[in-house]
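Asker: 96 is the number that the UniProt record's numbering gives to position 96 of the sequence shown; each next residue is one higher, with no gaps.
Beta carbons are placed, not taken as given, at the ideal position from N, Cα and C, and that holds for glycine.
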Amino acid sequence: MAYYIDKKYQVIGMGNKPYEVRIQILQNTWDKCDLDVQTGVNNILASEPIPLLSSSGKGNGIKQETKGLEFHTQTQKRLQFPGGNIRTDTTFIFDSYGKGWGH
1 MAYYIDKKYQ
11 VIGMGNKPYE
21 VRIQILQNTW
31 DKCDLDVQTG
41 VNNILASEPI
51 PLLSSSGKGN
61 GIKQETKGLE
71 FHTQTQKRLQ
81 FPGGNIRTDT
91 TFIFDSYGKG
101 WGH
């Protein structure tokens, strides 16, 4: 399996406590993303610690939605980790791309 990203990152969750997670983005999923989504995701990855946002959270970061995790950028489409949970997962596997779940 080829990855665009397979790396450990510092994230900051609710309660402002930083911790480490592994973020994996599949190359074939990345290749489907629009350029503005790729730019937004790269900007989030470049600014550690990465904010973990609740479903009502605003701004750029990794957001918990009912269906899983997604990179929350200022676009309508999102890079997604279906079924992902910021409270229990230590590896975030972004293998889906589509309309934001919160829209």
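Helix or strand or just coil, what does DSSP make of D6?
Answerer: strand
Asker: Would you mind reading off the limits of the beta strand (DSSP E) that contains I62?
Answerer: I62 -> beta strand (DSSP E) spans 61 to 65.
Asker: Go ahead and label R87 buried or exposed: buried means 16 or more other beta carbons lie within 10 angstroms of its beta carbon, across all protein chains shown.
Answerer: exposed
Asker: Answer yes if the region 42 to 56 comes into contact with the region 9 to 18, meaning at least three C-beta pairs across the two stretches below 8 Å, and no otherwise.
Answerer: Enough Cβ pairs lie closer than 8 Å, so yes.
Asker: Taking the alpha-carbon of I5 as reference, which of G13, I25, V11, I12 has the nearest alpha-carbon?
Answerer: I25
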